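In case it helps, UniProt numbering puts the sequence shown at residues 1 to 125.
For every residue, glycine included, the Cβ atom is placed at its ideal position computed from N, Cα and C.
Values in this document were obtained by computation on a predicted structure and should not be read as measured data.
Reviewing the structure listed below.
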Amino acid sequence: RRAEKSERFSLDVRGFSPEELTVKMDGRKLTVCGTHDARSESEDGCLSHEHREVRREVLLPEDVNLEAVACALSQDGRLCIEAPRLSLPSAEERTIPITITRAQEAVAEGTRRPAGEEADAGGEQ
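This is the structure:
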């Protein structure tokens, strides 16, 4: 996924108008909220009320440009969010040297004690 130029996701918001949707950012947290209320009365006087809500929170990766996040609502009811990745210089391939240590040095590194303390010889006295 790192090779992709942007982080993308979409949310099905069919039945919500653009005015009923909000997209907010708080740091790297992106929140999409939608609230739909519809009231109607039939010919026989019966009232109906429809209430729907949608909420989705996404923590965007650290390598996206938060200032360039964009969203678009398609005609088929999909809210598409796109967060372009920051352009980082490509790292060139390099060889990392291997440092060789003697076995005693490696053991000593893990068992150093403050001056005056002696290592326990394997039993309590």
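Nearest-angstrom Cα distance between residue i and residue j?
i, j, result
"C33", "G15", "13 Å"
"A72", "K24", "14 Å"
"V54", "D12", "9 Å"
"L21", "S10", "14 Å"
"S42", "L30", "40 Å"
"D76", "E93", "45 Å"
"E82", "P18", "17 Å"
"L79", "R85", "19 Å"
"V69", "T35", "22 Å"
"L60", "R102", "45 Å"
Identify the residues that DSSP records as bridge partners of residue i: which are they?
i, result
"E82", "R8 and A70"
"C33", "T22 and R55"
"residue 191", "With the chain covering 1 to 125 only, the question about residue 191 has no answer from this structure."
Under 8 Å by Cβ, that's how I've got residue i and residue j pegged, so tell me the actual separation to the nearest angstrom.
i, j, result
"L66", "R28", "7 Å"
"R56", "L47", "The Cβ separation is near 31 Å, so there is no contact."
"D37", "H51", "5 Å"
Does DSSP put residue i in a helix, in a strand, or in coil?
i, result
"F16", "coil"
"R1", "With a pLDDT of 45 at R1, under the threshold of 50, the predicted position of this residue should be treated as unreliable, though the coordinate-derived value follows. R1 falls in the coil class under three-state DSSP."
"N65", "coil"
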